[in-house]
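Working notes, beginning with the structure itself.
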Amino acid sequence: MVAPSAFPASAADAFDGYTSVVPVYEGAETFVYRARKHDSAAQVILKQTKNDYPSARELARLRREFMILRDLGLDNTPHALALEEHGRGLRLVMADIGHPTLREILEGEKLSIETVLVLAISICDALAAIHERRVIHKDITPRNILVDPSTSKVFLIDFGISARISRELSAPASARSLEGTPLYVSPEQTGRMNRAVDARSDFYSLGVILYEMLVGHVPFPDREVEDVLQAHLTRSPVPPREMAPSVPEPLSDIVMKLLAKTPEERYQSDAGLAFDLGECLRQWRERGSVESFPLYTKDRAPELRRSQRLYGREHDIEALLQAFERARLRGPELVLVSGYSGIGKSALVREIHKSISRHGGYFISGKFDQLSRDVPLAPVVHAFRELMREILTEPPAALARWKEDLLSALKGNGALLTELVPELALVVGDLPKVPELPPDQAKNRFELTLLDFLHVFANAAHPVVLFLDDLQWLDPASRRLLVSPRSPPSGRRPAAVAGAARTRVRPAAGRIELRQQARADVCA
1 MVAPSAFPAS AADAFDGYTS VVPVYEGAET FVYRARKHDS AAQVILKQTK
51 NDYPSARELA RLRREFMILR DLGLDNTPHA LALEEHGRGL RLVMADIGHP
101 TLREILEGEK LSIETVLVLA ISICDALAAI HERRVIHKDI TPRNILVDPS
151 TSKVFLIDFG ISARISRELS APASARSLEG TPLYVSPEQT GRMNRAVDAR
201 SDFYSLGVIL YEMLVGHVPF PDREVEDVLQ AHLTRSPVPP REMAPSVPEP
251 LSDIVMKLLA KTPEERYQSD AGLAFDLGEC LRQWRERGSV ESFPLYTKDR
301 APELRRSQRL YGREHDIEAL LQAFERARLR GPELVLVSGY SGIGKSALVR
351 EIHKSISRHG GYFISGKFDQ LSRDVPLAPV VHAFRELMRE ILTEPPAALA
401 RWKEDLLSAL KGNGALLTEL VPELALVVGD LPKVPELPPD QAKNRFELTL
451 LDFLHVFANA AHPVVLFLDD LQWLDPASRR LLVSPRSPPS GRRPAAVAGA
501 ARTRVRPAAG RIELRQQARA DVCA
């Protein structure tokens, strides 16, 4: 929460139709106010865009939140009353539930085991209600849970990043571009696990909350966001019972089940989780303790879920991981992954996300297109723009280092790239025009500048993996870049992974040359 004085004075002006406007919360993209409606004196919550010129994504979020809340229509979620225009932005009007957040409760007192269990069951019931309507919250935190102190009923709020349940993968996220709250986010929501986000992601976040209620702090209280994300991916938390011996062992086991790294190893259903929590509460109320009992016996997936694991590809995954390690420690490497369309080449390559992330690396990608072969380097430029957007999310000190490295490496030729990669100009600033050269020399200068650009970001501290898909549509300029004999500066470690789909198209000379280069890399 933020004090009213923390809001800009202009933000509280011109609330036509509302009185008694009081600031409640300031988010990265929104302001939240409590107010009364002029016509009915009903108390409402106003959530509106923060920026004078909100982006299309910010506007889409509020529209999506309005539609999700309207469609849910539950008694444990806010009732969406209206979506209004607010200057160039939008304002979401919701009924004011009027209860304190779980965060406020946790800051005020140490909760008893019985209270933790009652709240856990209530949260589970609220999640079951939205999951039944095929909505994932994606940001279950103490700040987004309201509690009625008289009944312990909970209400879920802030559906700004919520989504309909689907099989979509989260894009790999940096510390700043991550959707969700880092301390509570699930491993798959980081986009670094090649796993889709579904209802079991909310279970992980609930596990973090239960851990905090029982132990007094979250499982991974690291200060640096990137360290927290790495912990969610790779570190096992200390069981709650080891941190607080008063925690019953079955309850500790339930929390650890919720905090499993992969969704398949967590609870699969709200009903199964609620049953085990209910048994813990029954025993605690009867005897003041919880004896061991068979857990997970009522846990059945509410629907048939296709496994997200890749089976029978262990050898291929290991080969990719070994190639990545060679590139990270020794130098550039090109790997070809071929197969028929739809066989799972992209899924296979994305299996190395976690390893790349663990080493502070970048995974960027592009896809060749039959209809765009006349646009040189289009997928490569797309990948470089993706890389720069990732860089732009880093802290100012890191950005300053990137600027220095880029200006040094590009040797006055950076202006060749800023038109293709506009994000580059946001890092290095305006650059002087380069002198004109004859066509052949200009082409060579441009392609060498592209290599210099890539080499800046590829070193042992943060290797780069460039995944280029559908190589059967490879254009000549991209081929020259991939098979360039030019070695990177000492200590630089780029890696390239190329995916070629088998089709009826005759293999191009570029692909044959890539195969030869890949064999040379592996045998070197």
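First residue of the sequence shown? That's 1 in the UniProt record's numbering, and the numbers climb one at a time after it. C-beta atoms are modelled at their ideal positions from N, C-alpha and C, and glycine is treated no differently. Since we're looking at a predicted model, the values are computed, not measured.
Check	Outcome
Measuring CB to CB, does residue 89 end up less than 8 Å from residue 139?	no
Rounded to whole angstroms, what is the Cα-Cα separation between residue 481 and residue 359?	25 Å
State whether the stretch 181-189 contacts the stretch 270-288, with contact taken as three or more CB pairs (one from each stretch) at a distance under 8 Å.	no
Under 7 Å Cβ to Cβ from residue 176, same chain only, skipping five residues before and after it: list those, please.	In this prediction, residue 176 has a pLDDT of 47, which is less than 50 and means its spatial position is unreliable; what the coordinates show is noted afterwards. Once the five neighbours on either side are set aside, the close Cβ partners of residue 176 are 393.
Over what stretch of residues does the alpha helix (DSSP H) that includes residue 279 continue unbroken?	270-287
Looking only at its chain, what residues have a beta carbon closer than 8 Å to the beta carbon of residue 598, apart from the 5 residues adjacent to it on each side?	Lying outside 1 to 524, the shown extent of the chain, residue 598 is not represented and no answer is given.
Would you call the CB atoms of residue 526 and residue 428 closer than 8 Å?	In the structure displayed, the chain extends from 1 to 524; residue 526 sits before or after that span and is not available.
Kindly indicate the opening and closing residues of the alpha helix (DSSP H) around residue 379.	378-391
From the DSSP output, in three-state form, read off residue 131 for me.	helix
In three-state DSSP terms, what is residue 185?	coil
Tell me which residue opens and which closes the alpha helix (DSSP H) that residue 104 is part of.	102-108
Do you know how far the Cα of residue 131 is from the Cα of residue 164?	9 Å
Below 8 Å CB to CB, which residues in the same chain sit around residue 38 once its five sequence neighbours on both sides are set aside?	17, 18, 19
Would you kindly work out how many angstroms separate the C-alpha atoms of residue 86 and residue 50, rounded to a whole number?	10 Å
My output table needs one value for residue 366: the three-state DSSP class, helix, strand or coil.	strand
Taking buried to mean at least 16 other C-beta atoms within 10 Å of its own C-beta, is residue 510 buried or exposed?	Any reading at residue 510 must be qualified, since the residue scores a pLDDT of 49, below 50, and its modelled position is unreliable; the value itself is stated next. It is buried - the Cβ of residue 510 has at least 16 other Cβ atoms within 10 Å.
Does DSSP put residue 317 in a helix, in a strand, or in coil?	helix
Could you tell me whether the Cβ atoms of residue 281 and residue 159 are closer together than 8 Å?	no
When you compare each of 291, 261, 223, 272 to residue 249 by their alpha carbons, which one comes out closest?	291
Quick one: Cα of residue 517 to Cα of residue 334, how far?	Bear in mind that a pLDDT of 49 at residue 517, under 50, signals an unreliable position, so the number given afterwards is only what the model happens to contain. Between residue 517 and residue 334, the C-alpha separation is close to 7 Å.
To the nearest angstrom, how far is it from the Cα of residue 336 to the Cα of residue 312?	19 Å
Name the two residues that bound the continuous alpha helix (DSSP H) containing residue 62.	56-72
Which residue comes first and which comes last in the beta strand (DSSP E) that contains residue 266?	It is not in any beta strand (DSSP E) - residue 266 carries neither H nor E in the DSSP assignment.
Pull up the distance between the alpha-carbon of residue 187 and that of residue 302, whole angstroms please.	22 Å
Going by DSSP, which residues form a beta bridge with residue 89?	86
With respect to the alpha helix (DSSP H) encompassing residue 445, which residues constitute its N-terminal and C-terminal limits?	439-456
By how many angstroms is the C-alpha of residue 397 removed from the C-alpha of residue 330?	28 Å
Under 8 Å: do the stretch 449-468 and the stretch 372-384 share three or more Cβ pairs, one atom per stretch?	yes
Could you give the distance in angstroms between the alpha-carbon of residue 22 and the alpha-carbon of residue 82?	19 Å
Tell me the DSSP bridge mates of residue 322?	Looking at the DSSP assignment, residue 322 forms no beta bridge with any residue, so it has no partner.
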